[in-house]
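Data first, discussion second: the structure below is written as structure tokens.
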Amino acid sequence: MSETDTRQRLVVCHAYERVMSLDVVGPLQVFGSANDELVRTGRSASYAVQVAANQPGPVMTSCGVQLYADCAWRTLDLTQVDTLFVPGGDGVARFFKDQEFLDWLRHAEQTIPRLGSVCSGALILAEAGVLDGRMATTHWSRCDQMMRDYPSIHMMGDRLHSYDPTGLDGDPHVFTSAGVTAGIDLALAIVEADHGRSLALSVARRLVMFLKRPGGQAQFSAYLTPEGGVTTRLAGLLEWLPANLAADLSLEVLADRAGMTPRTFSRVFSRDLGMSPARYVERIRVEAARALLHDETISISRVADLCGFRHPETLRRAFQRHLSVSPQEYAERFARKSAVAAV
Numbered sequence: 068m069s070e071t072d073t074r075q076r077l078v079v080c081h082a083y084e085r086v087m088s089l090d091v092v093g094p095l096q097v098f099g100s101a102n103d104e105l106v107r108t109g110r111s112a113s114y115a116v117q118v119a120a121n122q123p124g125p126v127m128t129s130c131g132v133q134l135y136a137d138c139a140w141r142t143l144d145l146t147q148v149d150t151l152f153v154p155g156g157d158g159v160a161r162f163f164k165d166q167e168f169l170d171w172l173r174h175a176e177q178t179i180p181r182l183g184s185v186c187s188g189a190l191i192l193a194e195a196g197v198l199d200g201r202m203a204t205t206h207w208s209r210c211d212q213m214m215r216d217y218p219s220i221h222m223m224g225d226r227l228h229s230y231d232p233t234g235l236d237g238d239p240h241v242f243t244s245a246g247v248t249a250g251i252d253l254a255l256a257i258v259e260a261d262h263g264r265s266l267a268l269s270v271a272r273r274l275v276m277f278l279k280r281p282g283g284q285a286q287f288s289a290y291l292t293p294e295g296g297v298t299t300r301l302a303g304l305l306e307w308l309p310a311n312l313a314a315d316l317s318l319e320v321l322a323d324r325a326g327m328t329p330r331t332f333s334r335v336f337s338r339d340l341g342m343s344p345a346r347y348v349e350r351i352r353v354e355a356a357r358a359l360l361h362d363e364t365i366s367i368s369r370v371a372d373l374c375g376f377r378h379p380e381t382l383r384r385a386f387q388r389h390l391s392v393s394p395q396e397y398a399e400r401f402a403r404k405s406a407v408a409a410v
């Protein structure tokens, strides 16, 4: 779209009891800040924002703060809506059997220019069938559920959002975003599509955030050791591993410590943890490296040595595989206040 485009766009976000508050106000604030920037530079405000719920009035969010719904979703004139967001939260499951709302979403998909979800709101779009055959993402903790329950959806588990106005990397009409703050990234992408990069950068600066964050959502979710289903034969090994990351953690060494042959150990480990021993070791080494990178006095090479990577290049390749960013990028943008210590 042209940077001088002055069309008024109505952006509506659905709300319901126990909705995640930031899923609603985060994206809407981006559009409000875009209006502020437009007016500041002598242009007209472009966006009108509304919250729609089951009925007008207060809606209790999952954090205990009440939002105020401007209208009921049933009464919305969808022909006047430019963009509709379906947010996530504890209450998403209640919509799986709400045929009236699911029918309304299907009708909305055929009527409005843009329909998107924030966080686990993607599950509601999936249940309505509007994501069938489309690329989608959701909160990292819900990706497995999406893939299992909706196999016709092309999951992009590490993407922050699936919005692409060019249509080359997703559907510009129906789109999704990952966990919570990714809805803000999504809204920024929409502002950029509507008004150009310059305005989107101004909004990002106003909100003190990146216009496009490097990497995917894996970099924001710590890897947790599974607590259920692990046999007692592996429990001791899993407790021992985090304190011995710099040691030789080859298959043979791990199998011997677990009291199994390498073949039996690989089979039991993969069955109980859903991944190979080598991949598990690399993931916990990456997690340990992430924690150490918060200390700006430790060099990248020292982090690599302490976590068992031996060389910074090995650490860099592991970070790219798991987090889609380099250790330097992670440290500069997500952990440290100052520049990375020299290698």
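Numbering (our numbering), first residue to last: 68 to 410.
Where a beta carbon is used, it is the ideal one built from N, C-alpha and C, also for glycine.
From a predicted model like this one, the values you see are computed outputs, not experimental measurements.
Can you grab the Cα-Cα spacing for the pair residue i / residue j, in whole Å?
i	j	result
residue 348	residue 316	8 Å
residue 186	residue 164	20 Å
residue 324	residue 208	32 Å
residue 201	residue 343	31 Å
residue 399	residue 310	26 Å
residue 274	residue 251	10 Å
residue 272	residue 329	53 Å
residue 397	residue 128	32 Å
residue 215	residue 184	19 Å
residue 407	residue 143	Summary for residue 407: the model assigns pLDDT 40, below 50, so the residue's position carries little reliability, and this model does not support an answer.
residue 154	residue 75	23 Å
residue 189	residue 319	43 Å
residue 114	residue 304	56 Å
residue 263	residue 327	60 Å
residue 346	residue 132	41 Å
residue 350	residue 124	46 Å
Taking the alpha-carbon of residue i as reference, which of the options has the nearest alpha-carbon?
i	options	result
residue 130	104, 87, 108	87
residue 377	358, 312, 329, 340	312
residue 173	305, 192, 337, 334	192
residue 141	302, 122, 365, 240	122
residue 204	171, 176, 238	238
Could you check whether residue j and residue i sit closer than 8 Å to each other, using their CB atoms as the reference points?
i	j	result
residue 112	residue 118	no
residue 206	residue 245	yes
residue 223	residue 213	no
residue 413	residue 260	Because the chain in this structure spans residues 68 to 410, residue 413 falls outside the shown range and cannot be described.
residue 242	residue 194	no
residue 268	residue 249	no
residue 79	residue 148	yes
residue 270	residue 104	yes
residue 97	residue 255	yes
residue 136	residue 120	yes
residue 89	residue 247	yes
Starting from residue i, follow its DSSP beta bridges and name the residues at the other end.
i	result
residue 125	135
residue 117	79
residue 228	244
residue 221	202
residue 324	DSSP lists no partner for residue 324.
Assuming residue i and residue j form a contact by the criterion Cβ under 8 Å, report the distance between their Cβ atoms to the nearest whole angstrom.
i	j	result
residue 253	residue 230	6 Å
residue 353	residue 385	5 Å
residue 321	residue 332	7 Å
residue 146	residue 108	Between residue 108 and residue 146 the Cβ distance is about 30 Å, and since that is not below 8 Å, they are no contact.
residue 85	residue 158	4 Å
residue 367	residue 395	7 Å
Does residue i get closer than 8 Å to chain D when you measure Cβ to Cβ?
i	result
residue 219	Of the chains in the structure shown, none is chain D; there is only one protein chain.
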